[in-house]
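Residue numbers (the numbering used here): 10 to 228.
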């Protein structure tokens with residue numbers, strides 16, 4: 010009877026060892042976080058009513074840069090939300106190009122004064138890739154963010170939360186708005202949790218092995 014108990018304990022210990030090995034050996038690989046894309050370093054703005062090309066980067070203010078990036082970055086992977094408006098209802102167009110160092114990454118056309126509210130267009134031809142041509146409803150903060158970036162638009166601080174500058178005056182981080190970064194963080198936490206669980210299983214395994222050894226000595 011005692012020998013049968015010892016056999017069952019060793020079988021349980023073996024099963025726990027196998028589970029721990031699988032947890033520690035395969036879980037980190039399965040949950041390896043995807044590589045985050047390179048963070049944009051500057052944004053170029055062009056428009057017919059601009060005397061030249063505007064360049065906005067973190068040296069102009071991290072809050073301003075992050076807020077301007079947030080106006081367009083979400084459209085990179087979003088599905089189109091609306092059809093193309095009539096041309097005479099769009100108003101002035103401003104083309105924003107997002108750069109990582111000297112390489113363009115994303116291109117968008119913004120229409121802050123379109124009838125019915127700001128509109129944004131994601132051209133199908135994107136740097137290094139082709140995406141579905143899409144139109145989107147822009148954020149109400151679009152015009153004010155462009156104005157603070159140097160575009161000659163009428164000030165509308167009432168549409169921006171927090172008064173003049175609104176979102177620009179708040180500490181907004183691009184990572185907080187980036188779903189890929191959020192997924193990376195979640196997967197990292199899950200991997201750490203599985204590693205802790207694996208360590209606990211190993212401790213239990215050694216405990217059972219010790220108990221089996223003591224019982225065998227007494228027998």
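C-beta: ideal position from N, C-alpha, C; glycine also.
| Do residue 92 and residue 54 come within 9 Å of each other at the CB atom, strictly closer than that value? | It is not a contact, given that the beta carbons lie outside the stated cut-off.
| task | Could you spell out the range, first to last residue, of the beta strand (DSSP E) harbouring residue 106? | result | Unbroken beta strand (DSSP E) run through residue 106: 103-109.
| task | Take residue 56 and list the residues in its own chain whose beta-carbon comes closer than 8 Å to its own, dropping the five residues that flank it on each side. | result | Cβ within range, chain order: 101, 102, 103, 104 and 160.
| request: Would you kindly report the start and end of the unbroken alpha helix (DSSP H) that includes residue 237? | output: Beyond the ends of the chain as shown, which are 10 and 228, falls residue 237; an answer cannot be given.
| request: Report yes if the C-beta distance between residue 147 and residue 163 is below 9 Å; otherwise report no. | output: No, the pair does not count as a contact, with Cβ atoms beyond the cut-off.
| Under the rule that 16 or more other beta-carbon atoms within 10 Å means buried, what is residue 125, buried or exposed? | With fewer than 16 other CB atoms across the displayed protein chains lying within 10 angstroms of its CB, residue 125 is exposed.
| message | Going by beta-carbon coordinates alone, are residue 158 and residue 99 separated by less than 9 Å? | response | For residue 158 and residue 99, no; Cβs fall outside 9 Å.
| field | Neighbour-count burial assignment, residue 155, 16 or more Cβ in a 10 Å radius | value | Buried, since its Cβ has 16 or more Cβ neighbours within 10 Å.
| request: Thinking residue 81 and residue 123 are a contact (beta carbons under 8 Å), I'd like their distance in whole angstroms, please. | output: With a Cβ gap of about 15 Å, residue 81 and residue 123 do not count as contacting.
| request: Work out the CA separation of residue 144 and residue 74 for me, nearest whole Å. | output: When rounded, the distance between both Cα atoms is 23 Å.
| query | So the alpha helix (DSSP H) residue 73 belongs to, where does it begin and stop? | reply | Start and end: 71-82.
| query | Quick one: is residue 65 buried, meaning 16 or more other Cβ sit within 10 Å of its Cβ, or exposed? | reply | So residue 65 counts as buried.
| message | Quick check on DSSP: helix, strand or coil for residue 138? | response | Shown here, residue 138 sits in a strand according to DSSP, grouped into three states.
| field | Per DSSP, the bridge partner or partners of residue 65 | value | Answer is 52.
| Cβ-Cβ distance between residue 133 and residue 141 below 9 Å | A contact, by the Cβ cut-off of 9 Å.
| task | State buried or exposed for residue 139, treating a residue as buried only when at least 16 other CB atoms are found within 10 Å of its CB. | result | Sixteen is the threshold: since fewer than 16 other Cβ atoms of the shown chains lie within 10 Å of the Cβ of residue 139, the residue is exposed.
| request: Could you pull the start and end residues of the beta strand (DSSP E) that residue 163 belongs to? | output: Neither: residue 163 is in no beta strand (DSSP E) and is coded neither H nor E.
| query | Is it true that the CB of residue 109 sits closer than 9 Å to the CB of residue 71? | reply | No, Cβ-Cβ distance for residue 71 and residue 109 is not below 9 Å.
| request: Enumerate in chain order the residues of its own chain whose CB-to-CB distance from residue 84 is below 7 Å, with the five nearest sequence positions on each side excluded. | output: Result list for residue 84: 117, 129, 131 and 145, in chain order.
| Does the separation of the CB atoms of residue 49 and residue 107 fall below 9 Å? | Going by C-beta atoms, residue 49 is nearer than 9 Å to residue 107.
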